[in-house]
Amino acid sequence: MAPGVEGQSAWPMMSFRGNCCQSALHGIILNFLSGQKVFFFAAGGIGITPILSMMRHLKNAGVSAFKLYYLTRDAKSTAFLKELADEFPGQVKIHHDNGERDQAMDLWPVFEKPANSYIYCCGPKGLMDLVQDMSGHWPSGNVHFESFGVNAKVNAENKPFKVHLAKSGVRLEVAEHETILDVLRTNGQRVPSSCESGTCGSCRTRLLKGEAEHRDMVLVPEEHSTQIMVCISRSKSPELTLDL
Ligand code: FES
């Protein structure tokens with residue numbers, strides 16, 4: 000475990016693209032200047048990038064009354080562990096859900112009492128839904144969400160396709176309203192998942208054949224012909240063959 004960080008540790012392995020949520024940085028500085036005393040940060044997936052930036056700004060401004068709740072699938076997919084441990088000892092709580100919904104962190108004890116505090120949340124939809132649920136009783140101006148990622152217009156153009164599971168030879172239909180992950184689950188295939196919005200990297204699956212329509216924010220172009228995030232990406236070809 001990295002010293003100063005609650006939770007499990009490993010060297011960060013996740014790669015990031017883009018730079019989201021920076022608009023919140025301006026707001027947090029204004030809130031600090033206006034006298035708000037406590038900041039709660041909730042981050043997941045690539046949301047850690049702007050949250051880390053905010054924390055560094057606060058630290059540089061001499062503010063220490065903040066804590067990060069960093070919710071990730073596992074240590075392997077958790078970025079910036081060493082930086083968080085080195086720069087923010089005692090101010091970071093990391094929770095891994097191992098891709099299981101029933102292992103999600105209970106944030107109610109954290110957000111039960113609003114007091115004179117602010118919440119800034121940036122991450123996958125599942126995390127933002129969770130924080131929203133737990134902070135419904137807070138003053139709306141004290142809770143800030145920054146979303147990123149998936150283009151809703153693209154999602155409106157879903158087409159059906161087949162997935163061929165190479166190991167079993169099974170062929171499955173993916174309808175317009177379904178994801179590959181939905182169909183795999185329905186048919187008894189266990190694929191790890193966490194964000195289910197193409198941002199955490201948990202559901203990475205080897206693509207053996209076919210042309211994927213990549214909608215995630217994890218894969219780099221060099222990986223597009225051999226990998227697919229099955230929670231969100233679809234197919235340009237009539238069929239995709241997966242290493243499952
Ligand atoms: S479950 Fe997070 S990228 Fe698919």
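Counting from 0, one number per residue, gives the positions in the sequence shown under numbering that gives the first Met the number 0.
Here a beta-carbon is modelled for each residue, glycine too, at the ideal position from N, C-alpha and C.
Just so you know, these numbers come straight off a predicted model, no measurement behind them.
Could you tell me which of D96, Q90 and R72 sits nearest to S63, measuring between CA atoms?
-> Comparing Cα positions, the closest option is Q90.
May I have the straight-line CA-CA distance separating K208 from L243, to the nearest angstrom?
-> Pairing K208 with L243, the inter-Cα distance amounts to about 12 Å.
Expressed to the nearest angstrom, what Euclidean distance is found between the alpha-carbon atoms of L70 and N59?
-> When only Cα atoms are considered, L70 and N59 end up about 24 Å apart.
Are there 16 or more other CB atoms within 10 angstroms of the CB of R170, so buried, or fewer, so exposed?
-> Exposed.
Should C121 be counted as a contact of the ligand FES given a C-beta to heavy atom distance under 8 Å?
-> Not under cutoff, so the answer is no.
In the DSSP assignment, what residue or residues form a beta bridge with K66?
-> Checking the DSSP bridge columns, you'll see K66 partnered with F39.
Contacting residues, own chain, Cβ-Cβ under 6 Å from K152 (five flanking each side not counted) | Legend: pLDDT at K152 = 46, less than 50; position of this residue unreliable, no value from coordinates given.
Would the beta-carbon of G197 be found less than 8 Å away from any heavy atom of the ligand FES?
-> Using a cutoff of 8 Å, the CB of G197 counts as near the ligand FES, since one of the ligand's heavy atoms is closer than that.
For F87, which option in S134, L57 and V217 has the closest C-alpha, if you only look at C-alpha atoms?
-> Nearest of S134, L57 and V217 to F87, Cα basis: L57.
Look at G46 and L126 and say whether their C-beta atoms are less than 9 Å apart.
-> Yes; because the gap between Cβ atoms is below 9 Å, this pair is in contact.
Specify, as a first and last residue, the run of the alpha helix (DSSP H) that K58 falls within.
-> That run of the alpha helix (DSSP H) goes I47 to N59.
Sequence-distant residues of its chain with Cβ nearer than 6 Å to E238 (five each side left out) = Cβ neighbours of E238 beyond the five flanking positions: K161, H163 and G209.
Decide if H136 is buried, meaning its Cβ has at least 16 other Cβ atoms within 10 Å, or exposed.
-> Counting C-beta atoms within 10 angstroms of its own C-beta, H136 has fewer than 16 neighbours from the protein chains shown and is therefore classed as exposed.
Grouping DSSP H, G and I as helix and E and B as strand, with all else coil, what is L243?
-> In this structure, L243 counts as coil in the three-state DSSP scheme.
When the Cα of Y119 is compared with those of G44, F39 and L180, which residue comes out closest?
-> Among G44, F39 and L180, the Cα nearest to that of Y119 is on F39.
9 Å Cβ cutoff met for R72 and D96 | Cβ atoms of R72 and D96: closer than 9 Å.
Cα-Cα separation between R189 and K81, rounded to whole angstroms = Rounded to whole angstroms, the gap between the alpha carbons of R189 and K81 is 31 Å.
heavy atom of the ligand FES below 8 Å from D181 C-beta | No - the ligand FES has no heavy atom lying nearer than 8 Å to the Cβ of D181.
In this structure, what does DSSP give as the bridge partners for H94?
-> L70.
Terminal residues of the beta strand (DSSP E) in which Q226 lies = Counting along the chain, the beta strand (DSSP E) containing Q226 begins and ends at Q226 to M228.
Is the distance from the Cβ of M228 to the Cβ of G197 below 9 Å?
-> Their beta carbons are under 9 Å apart, which means M228 touches G197 by this criterion.
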